[in-house]
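**Q** This note's numbering puts the first residue of the sequence shown at 1, with every later residue one more than the last.
Glycine included, each C-beta is placed from N, C-alpha and C at the ideal position.
First the structure, then my questions, so here it is.
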Amino acid sequence: METRQLHGTPGGLRTLARAALPVLPVVNQLPGVRKAPAGSFSGLSFARAGAEVQRADVEAYAAVCAFPRKDTVPLPYPHLLAFPLHMAIMADPAFPYAAIGMVHLENTITAHRAIGVGEVLDLTTAVGAPRPHARGALLDFVTSVTSGDDVVWESVSTYLRRGVRTDGEPDAPLVVGDPLSGGVQWRLPGDLGRRYAAVSGDHNPIHLYPLTARALGFPRQIAHGMWTLARSVAAIENRLPDAVSVEVAFRKPVFLPGTVAFAERADDGTHTFSLSNPSDGSPHLVGRATPA
């Protein structure tokens, strides 16, 4: 699989706009925008070298996601450094699907050690051929983060592309436990999506305003899935080891403003947690953290 280097200032609204062009009629047939046929896609990889972990960026992220200020980064933080690689892949004409409409279903993060503020990291994200799913096709965005010669952080972000046919039998979904009842309630403000977008670079319109969310089929804006993951991890991070694996399945969107209930349980070093609608108990997220 060819690995392409990401140069210059990565991410931002320009990258998101470029990724959205393939959903526009006529424009989506222009050279450099027109997507390759789905059946021809076998994989694509992008790399980013020399990404320095900046204290101001880490502290801004920590504030939005309720992590404490430390000299090491919050567990999910490297996803922000890898997100421009995700977008570069989705915006590339060789990737057969438009970024708008990709649904984040699952995420697994494995940290092999704590990453310090000021470290310089190299990142690679690769996606292979799609896997079958009952509602379409799954694509696994696999990220590896290295410091020097050591792999320090890895993740797999699994996206669903609805309505795409792929040969084979669907794999079993990620099973991390059942939603937990009770817990503490968090009130989430209407501008949470805009605040997280400002620190993450993920300006998907479904997260920003009621008007932009309605244009894409939602009654109002929804929280980022990676914010719900980060906020859940922040609630238990002082009980997790530096080498840890976190697996999360995203269920139902969190509408903003809104209220969610967070609950967690610890059993022999494994932490199971969930984020639910306090009115009816329906889950937004279920997750598990285990020593790596």
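Select from I89, G190, A243, E119 the residue whose C-alpha is nearest the C-alpha of L211.
**A** For this step, residue 211 is matched to residue 211 along the sequence shown. Checking every option, the nearest Cα to that of L211 belongs to G190.
**Q** So is S40 buried or exposed if we call it buried at 16+ other beta carbons inside 10 Å?
**A** Within the sequence shown, numbered from 1, the residue matching residue 40 stands at position 40. Exposed, because fewer than 16 other Cβ atoms sit within 10 Å of the Cβ of S40.
**Q** Does the count of Cβ pairs from the segment 112-123 and the segment 40-55 closer than 8 Å reach three?
**A** In short, these stretches touch, since the Cβ pair count reaches three.
**Q** Kindly indicate which three-state DSSP category V26 falls into: helix, strand or coil?
**A** Residue mapping note: residue 26 aligns to position 26 of the sequence shown, counting from 1. For V26, the predicted model reports a pLDDT of 49, less than 50, meaning its position is unreliable; a value from the coordinates is still stated below. In the structure shown, V26 sits in coil (DSSP, three-state: anything other than H, G, I, E or B).
**Q** Exposed or buried, which one is N204 when buried takes at least 16 other CB atoms within 10 Å?
**A** Locating residue 204 in the sequence shown gives position 204, counting from the first residue. Buried: at least 16 other Cβ atoms inside 10 Å.
**Q** Mind checking whether A62 and P74 have CB atoms under 8 Å apart?
**A** Stepping through the sequence shown from its first residue, residue 62 is reached at position 62. Stepping through the sequence shown from its first residue, residue 74 is reached at position 74. Yes, they are a contact pair.
**Q** In the DSSP assignment, what residue or residues form a beta bridge with D150?
**A** Residue mapping note: residue 150 aligns to position 150 of the sequence shown, counting from 1. D150 pairs with S147.
**Q** Give me the Cβ distance between L299 and V127, rounded to the nearest whole Å; I'm assuming they're in contact under 8 Å.
**A** Examination of residue 299 is not possible in this model, given that the chain is present from 1 through 292 alone.
**Q** Just mark S279 as buried or exposed, buried being the case when its beta carbon has 16 or more other beta carbons within 10 Å.
**A** Locating residue 279 in the sequence shown gives position 279, counting from the first residue. Classification for S279: exposed.
**Q** Please report the distance separating the alpha-carbon of A223 from that of Y196.
**A** Locating residue 223 in the sequence shown gives position 223, counting from the first residue. Locating residue 196 in the sequence shown gives position 196, counting from the first residue. When rounded, the distance between both Cα atoms is 9 Å.
**Q** Below 6 Å CB to CB, which residues in the same chain sit around E154 once its five sequence neighbours on both sides are set aside?
**A** Within the sequence shown, residue 154 is the residue found at index 154, counting from 1. Hits under 6 Å: T110, S144.
**Q** Starting from F95 and walking both ways along the beta strand (DSSP E), at which residues does that stretch end?
**A** Working through the sequence shown from its first residue, we reach residue 95 at position 95. It is not in any beta strand (DSSP E) - F95 carries neither H nor E in the DSSP assignment.
**Q** Quick check on DSSP: helix, strand or coil for G39?
**A** The count along the sequence shown starts at 1 and reaches residue 39 at position 39. Reduced to three states, the DSSP call for G39 is helix.
**Q** Between the beta-carbon of D71 and the beta-carbon of V117, is there less than 8 Å?
**A** Position 71 of the sequence shown, counted from the first residue, corresponds to residue 71. Position 117 of the sequence shown, counted from the first residue, corresponds to residue 117. Cβ atoms of D71 and V117: closer than 8 Å.
**Q** What are the partner residues of D140, as DSSP defines its beta bridges?
**A** Stepping through the sequence shown from its first residue, residue 140 is reached at position 140. In DSSP, D140 forms a bridge with T158.
**Q** Please go through the segment 52-123 and give each complete beta strand (DSSP E) segment of 3 or more residues, from N-terminal end onward.
**A** For the segment 52-123, whole beta strand (DSSP E) runs of length 3 or above, ordered along the chain, are 103-111.
**Q** I need the DSSP call for E247, collapsed to helix, strand or coil.
**A** By 1-based counting over the sequence shown, the position of residue 247 is 247. In the structure shown, E247 sits in a strand (DSSP, three-state: E or B).
**Q** First and last residue of the alpha helix (DSSP H) that includes L285?
**A** In the sequence shown, the residue the question calls residue 285 occupies position 285. Taken as a continuous stretch (DSSP letters only), L285 belongs to no alpha helix (DSSP H), being part of the beta strand (DSSP E) at 283-291.
**Q** Quick check on the DSSP output: the alpha helix (DSSP H) that includes S200 runs from which residue to which?
**A** By one-based count along the sequence shown, residue 200 stands at place 200. Taken as a continuous stretch (DSSP letters only), the alpha helix (DSSP H) holding S200 covers 192-200.
**Q** Specify, as a first and last residue, the run of the alpha helix (DSSP H) that A235 falls within.
**A** Reading the sequence shown from its first residue, position 235 is the one you call residue 235. Segment 225-236, the alpha helix (DSSP H) holding A235.
**Q** For my contact list, R220 and L256 are in at a C-beta cut-off of 8 Å; report their separation, rounded to the angstrom.
**A** Here residue 220 refers to the residue found at position 220 when the sequence shown is read from its first residue. Here residue 256 refers to the residue found at position 256 when the sequence shown is read from its first residue. The pair is a contact, with the Cβ atoms about 7 Å apart (cut-off 8 Å).
**Q** Give me, in chain order, the residues of the same chain whose beta-carbon lies closer than 7 Å to that of P241; leave out the 5 immediate sequence neighbours on both sides.
**A** Position 241 of the sequence shown, counting from 1, holds the residue named residue 241. If we look at P241 and ignore the five residues flanking it on each side, its Cβ neighbours are P291.
**Q** For G225, count neighbouring Cβ atoms within 10 angstroms of its own Cβ and tell me buried if that reaches 16, exposed if not.
**A** Here the question's residue 225 lines up with position 225 in the sequence shown. It counts as buried.
**Q** Using CA atoms only, rank isn't needed, just tell me which of E237, P170, R231 is closest to Q185.
**A** Locating residue 185 in the sequence shown gives position 185, counting from the first residue. Cα-wise, what sits closest to Q185 is R231.
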